[in-house]
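Colleague:
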Amino acid sequence: MNEFTGKVAVVTGAASGIGLALATRFAQAGMKIVLADIETAPLESARAAIKAKGAHAISVRTDVMREQDVKRLADAAFDAWGKVHILCNNAGVSGGVGADGVWNLPLEDWDWVLGVNLRGVLHGIRHFVPRMLAQGEAGHIVNTASVAGLVTGATAAPYTVSKHGVVALSEILYKDLKARKAKLSVSVLCPGWVDTRIIESERNRPGELKPEGSAEVRISPQMQMWREVVRGLLKHGFRPETIAGLVFDAVNSDTFYIVPVQPDIEDALARRLEDIRLRRNPTIVPPEA
Ligand SMILES: NC(=O)c1ccc[n+]([C@@H]2O[C@H](COP(=O)([O-])OP(=O)(O)OC[C@H]3O[C@@H](n4cnc5c(N)ncnc54)[C@H](O)[C@@H]3O)[C@@H](O)[C@H]2O)c1
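Numbering (the working numbering), first residue to last: 228 to 516.
#1: Beta strand (DSSP E) containing Asn229: first to last residue?
#2: With a threshold of 6 Å on Cβ separation, who are the neighbours of Ala516 within its own chain once the five nearest residues in sequence on each side are excluded?
#3: Shortest alpha-carbon distance to Ala241 belongs to which of Leu270, Thr371, Lys259?
#4: Distance check for Ala318 and Met450, CA to CA, integer angstroms please.
#5: Where Val415 and Leu314 are concerned, what is the direct C-alpha to C-alpha distance, given to the nearest angstrom?
#6: Report buried or exposed for Trp207, applying the criterion of at least 16 other Cβ atoms within 10 angstroms of its Cβ.
#7: For Gly244, report the span of its alpha helix (DSSP H) as first-last.
#8: Using only alpha-carbon positions, find the residue among Asn431, Met292, Asn316, Met228 that is nearest to Leu262.
#9: According to the neighbour-count rule (16 or more other Cβ atoms, all chains shown, within 10 Å of its Cβ), is Thr239 buried or exposed?
#10: Report the residue from Val320, His283, Ala372, Trp339 whose alpha carbon sits nearest the alpha carbon of Pro487.
#11: With H, G and I counted as helix, E and B as strand and the rest as coil, what does DSSP make of Ser518?
#12: Rounded to whole angstroms, what's the CA-CA distance from Pro433 to Trp337? Just pull it up for me.
#13: At what residues does the alpha helix (DSSP H) containing Gly472 begin and finish?
#14: Could you check what DSSP says for Arg436 in three-state terms: helix, strand or coil?
#15: Taking only heavy atoms of ligand 1 into account, decide whether any of them is closer than 7 Å to the Cβ of Arg454.
#16: For Ile368, which residues in the same chain have their Cβ closer than 6 Å to its Cβ, ignoring the five residues on either side in sequence?
#17: Can we count Asp183 as close to ligand 1, meaning its CB is less than 7 Å from some heavy atom?
#18: Using the Cα positions of Leu473 and Pro513, report the straight-line distance between them to the nearest angstrom.
#19: Within its chain, find whatever has a CB closer than 8 Å to the CB of Leu396; leave out the 5 residues flanking it on each side and keep chain order.
#20: Can you tell which of Ile485, Ile265, Ala477 has its C-alpha closest to the C-alpha of Val343?
#21: Return the first residue and the last residue of the alpha helix (DSSP H) that Asp264 is part of.
#22: Using 8 Å as the threshold, is the C-beta distance between Pro418 and Ile470 below it?
#23: Taking Pro385 as the reference, which of Trp420, Lys402, Glu335, Phe355 has the closest Cα?
#24: Could you tell me the distance, in whole angstroms, from the CA atom of Phe483 to the CA atom of Ile492?
#25: Relative to the C-alpha of Gly328, which candidate in Met359, Ser447, Glu427, Ala273 has its C-alpha closest?
#26: To the nearest whole angstrom, what separates the beta carbons of Gly366 and His312, a pair I think is in contact under 8 Å?
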C-alpha cells in the first residue's frame, strides 16, 4: 500500500507507547485516524494531540479482549469514514512474570495476557478483514507481536506464548490473503526493547482476572530483580517513533517481518533458529553476573 492521504487507519492501544507513535506517524502521512484504547483519559489526550497537528481523528474506548467492543470499534470506524485501509492490532500487556516455574502461574495471568495479546488480535482480524476485503481497495494489517514471538526467554510464559501465537496467526493471514490475490497485505511487528509503559501493564488488568494475593506477594525477590533489569532495558530501548517509522516503511514496501532488535537479542534469535535447524536442545544462556 503506498497511497496514504485521505485513507483511514485504525490503531488499538493508541493511547500510549508504540500505538500512539503509529497513530501519529499515519496522521503525518495524511491519514484519518481511529484511536482505540482501554484507558479513557489518555485516549482523549492522544486524540487531542493528533487533532492539534491538523489530522482528522476519532477515538473509541475499546477493550480488545471483548469481542463486542472490537465489533463496536469496527462499526464506529466504518460509520465515521466508510472505509478502513490500515488496521494496527497493537494493544498488548505484559504479565505473568510473577512466579518461578511455569507451573506456578495462576490461570488468571494466562487468561488476561492471552485474552488481550492473542484474542485481541484475532477479534481485530475477524471484525475488520471481511469488511476491508469487501472494499476491494489496497490495505494493510499490522499485528504487533514482539521478538518474544520468535524466541523464548526464561520467564514471561503467557506473554511469550501469546506473541508466538500472533506471529503464527499473522503468517497464516498473510498466506490466506495472498492465495486470494487480495489487495490487503500483512506485517508482523516483532521488536526488542522499546521505551514505553509496558512494564506498568497491571494498571489495565480487570478485577476479575486478578489472582488471589497481591502481585508483590507472588513476585519472588529474583523476579523483582528481573523486573528492575527490564525497566532499565526498556528505558534504553528504541524510541516508539523509530518503531513507527519502520512500520510505515514496511506497509509502504509490503514487508512482512519487522524485527528491530538489540544485538544480544539478534544473537538469541540466531541461536534459536540454529537449535531448531540442528535438532539441538534449547540452548540455555546463563544470566550475566
Ligand atoms: N515496549 C516494548 O519493549 C515492546 C516490545 C515488543 C512488543 N511490544 C508490544 O507493543 C504493543 C504496545 O505496547 P507498548 O510497549 O506501547 O506499551 P504501553 O503500555 O505503553 O501501551 C499499550 C497500550 O495498550 C492499551 N491496552 C492495554 N490493555 C488493553 C485492552 N484490553 N484493550 C485495549 N487497549 C489496551 C494500554 O492502555 C496502552 O495504552 C504491545 O502489544 C506490546 O506487547 C512492546
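Glycine included, each C-beta is placed from N, C-alpha and C at the ideal position. All of these numbers come straight from a predicted model, not from anything done at the bench.
Modeller: This is what the structure holds:
#1: Unbroken run through Asn229: none, as it is neither H nor E.
#2: Because the pLDDT of Ala516 is 44, which lies under 50, any placement of that residue in the model is unreliable, and the number read from its coordinates should be weighed accordingly. Same-chain partners within the cutoff: there are none.
#3: Nearest option by C-alpha distance: Leu270.
#4: So the two alpha carbons sit approximately 24 Å from each other.
#5: Cα to Cα, Val415 sits roughly 12 Å from Leu314.
#6: Nothing about residue 207 can be read from this structure; the chain reaches only from 228 to 516.
#7: In the DSSP annotation of this structure, the continuous segment of the alpha helix (DSSP H) that includes Gly244 starts and ends at 244-255.
#8: Answer by Cα proximity: Asn316.
#9: Classification of Thr239: buried, given that the 10 Å Cβ count is 16 or more.
#10: When Val320, His283, Ala372, Trp339 are compared, the shortest CA-CA separation from Pro487 is found for Ala372.
#11: This structure cannot settle anything about residue 518, because the visible part of the chain is limited to 228 through 516.
#12: Spanning the two alpha carbons is a distance of roughly 13 Å.
#13: Note, Gly472: alpha helix (DSSP H), 467-480.
#14: With the sequence shown as reference, residue 436 is identified as Leu, and Arg is not the correct amino acid for it. Residue state, collapsed to three classes: helix.
#15: Arg454 has its Cβ no nearer than 7 Å to any heavy atom of ligand 1.
#16: Here Ile368 has Leu314, Val413 as same chain residues with Cβ atoms under 6 Å from its own Cβ, once five neighbours each way along the sequence are excluded.
#17: There is simply no residue 183 to check, as the chain begins at 228 and stops at 516 in what is shown.
#18: The straight-line gap from Cα to Cα measures roughly 32 Å.
#19: Cβ neighbours of Leu396 beyond the five flanking positions: Leu345, Val348, Leu349, Ile352, Asn370.
#20: Of the listed residues, the one whose Cα sits closest to Val343 is Ile265.
#21: If you look at Asp264, you'll find it isn't in any alpha helix (DSSP H); it sits in the beta strand (DSSP E) that goes 259-264.
#22: For Pro418 and Ile470, yes; Cβs fall inside 8 Å.
#23: In terms of Cα proximity to Pro385, the closest of Trp420, Lys402, Glu335, Phe355 is Glu335.
#24: Their backbone Cα atoms lie some 19 Å apart in a straight line.
#25: Of the candidates Met359, Ser447, Glu427, Ala273, the residue whose Cα lies closest to the Cα of Gly328 is Ser447.
#26: Taking the Cβ atoms as the reference, Gly366 lies roughly 5 Å from His312, within the contact range of under 8 Å.
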